[in-house]
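Per our numbering: the sequence shown ends with 829, consecutive numbering throughout.
Note sheet for the following structure.
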Amino acid sequence: MVVHQSDLSNAAPQVVPLPSGWYFHWGKRTLDSLLVLLTLPLWLPLLCLLGLVVLLDSGWPVLYSQARMGHQGRRFILFKLRTMTAGVSAPPGALFEGWTYHADPRITRCGRFLRRFRLDELPQLFNVLRGEMSLVGPRPEPWEIARALSAQIPGYSRRHLVRPGLTGLCQLSPRYLEFGTIDLSRRKAELDLVYVDTFSLATDLKLLCRTPLAMLRLGGVS
Numbered sequence: 608m609v610v611h612q613s614d615l616s617n618a619a620p621q622v623v624p625l626p627s628g629w630y631f632h633w634g635k636r637t638l639d640s641l642l643v644l645l646t647l648p649l650w651l652p653l654l655c656l657l658g659l660v661v662l663l664d665s666g667w668p669v670l671y672s673q674a675r676m677g678h679q680g681r682r683f684i685l686f687k688l689r690t691m692t693a694g695v696s697a698p699p700g701a702l703f704e705g706w707t708y709h710a711d712p713r714i715t716r717c718g719r720f721l722r723r724f725r726l727d728e729l730p731q732l733f734n735v736l737r738g739e740m741s742l743v744g745p746r747p748e749p750w751e752i753a754r755a756l757s758a759q760i761p762g763y764s765r766r767h768l769v770r771p772g773l774t775g776l777c778q779l780s781p782r783y784l785e786f787g788t789i790d791l792s793r794r795k796a797e798l799d800l801v802y803v804d805t806f807s808l809a810t811d812l813k814l815l816c817r818t819p820l821a822m823l824r825l826g827g828v829s
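Listed below in structure tokens is the structure:
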């Protein structure tokens, strides 16, 4: 059992039961490690090639790192291929500095392609190997945004009962590419909580199998 209380709220702490079972305690982590290591000869050369493309398109740095909120509310550093112009602030009226917005002028030409097919997320496979993320789970939000949303959305902290993931129930939703409002974050959190309450080996394998087709389908949307 774990107690959650937002750093930004004076409300009474939420006491929620931890997930249980063999898959939660060691199966999920084992599956992540095996799949990432077995596919390393495929994704590592692709990552190096995409890094070179980013370098030629917009220079250094190739990677972008940011503090995110992970399992049990712990802070970790997430890695991505850089898709935005370095050192440029969010557009006027942005709710959070760390959020990306539709037609965001900070996104580079190469970055728009990488984001469309989620290829900028490939470096997070190293986060998976380090045990900070899972292949399947809720997306980790930037640290300050996660703290703010925990105070504004009831039950939001329950997303952190499992490791954050590269893909998941919410990420495969057609509305995942929409950004920028508390209402959308609330709807996404509802999908994340459905996953937290129901995930299993069968669920994760099904979501992993759906991911490649979803990348192609959603890639034609933005």
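Glycine included, every Cβ here is placed at the ideal spot set by N, Cα and C.
Every value quoted in this text rests on a predicted model; they were computed, and no experiment measured them.
- Boundaries for ILE684: no alpha helix (DSSP H) harbours it, while the beta strand (DSSP E) harbouring it runs 682 to 688, taken from the DSSP string.
- Fewer than three pairs of CB atoms, one per stretch, sit closer than 8 Å, so the segment 710 to 726 makes no contact with the segment 742 to 760.
- For the options GLY634, LEU662, LEU732, LEU641, the alpha carbon positioned closest to that of TRP650 is the one of LEU732.
- For SER780 and ARG675, the gap between their C-alpha atoms comes out near 22 Å.
- Contact check for SER672 against PHE686 passes: the beta carbons are separated by less than 7 Å.
- Bounds of any alpha helix (DSSP H) do not take in GLY772; it lies within the beta strand (DSSP E) bounded by 772 to 774.
- A straight line joining the alpha-carbon of ARG737 with that of LEU647 spans about 14 Å.
- Comparing alpha carbon positions, the residue from PRO749, THR818, GLU728 closest to VAL669 is GLU728.
- Annotation: the continuous beta strand (DSSP E) that includes LEU742 extends over 741 to 743.
- Here the C-alpha atom of SER764 lies approximately 16 Å from the C-alpha atom of CYS777.
- Residue pairing of LEU670 in beta bridges, as defined by DSSP: LEU688.
- Residue burial is scored here from C-beta neighbours: VAL735 has at least 16 other C-beta atoms within 10 angstroms and is therefore classed as buried.
- Apart from sequence neighbours up to five positions away, the residues of its chain that approach ALA796 with a beta-carbon distance below 6 Å are ILE760, TYR763, ordered along the chain.
- Straight through space, the alpha carbons of ASP790 and PRO712 are spaced by roughly 23 Å.
- Nearest Cα to THR818 within the set LEU742, PHE806, HIS767, LEU657: LEU742.
- DSSP places ARG675 in the strand class (E or B) of the three-state scheme.
- The residue from GLY628, LEU768, PHE806, TYR630 with its alpha-carbon nearest to that of GLU739 is LEU768.
- When DSSP states are grouped into helix, strand and coil, PRO749 belongs to the strand group.
- Judged by DSSP secondary structure, ALA693 falls outside any alpha helix (DSSP H); it is assigned neither H nor E.
- Contact between LEU800 and ARG766 holds: their C-beta atoms lie close to 7 Å from each other, under 8 Å.
- Scanning GLY744, TRP633, LEU815, ILE752 for the CA closest to the CA of THR805 turns up GLY744.
- Less than 7 Å divides the Cβ of GLY677 from the Cβ of PRO747.
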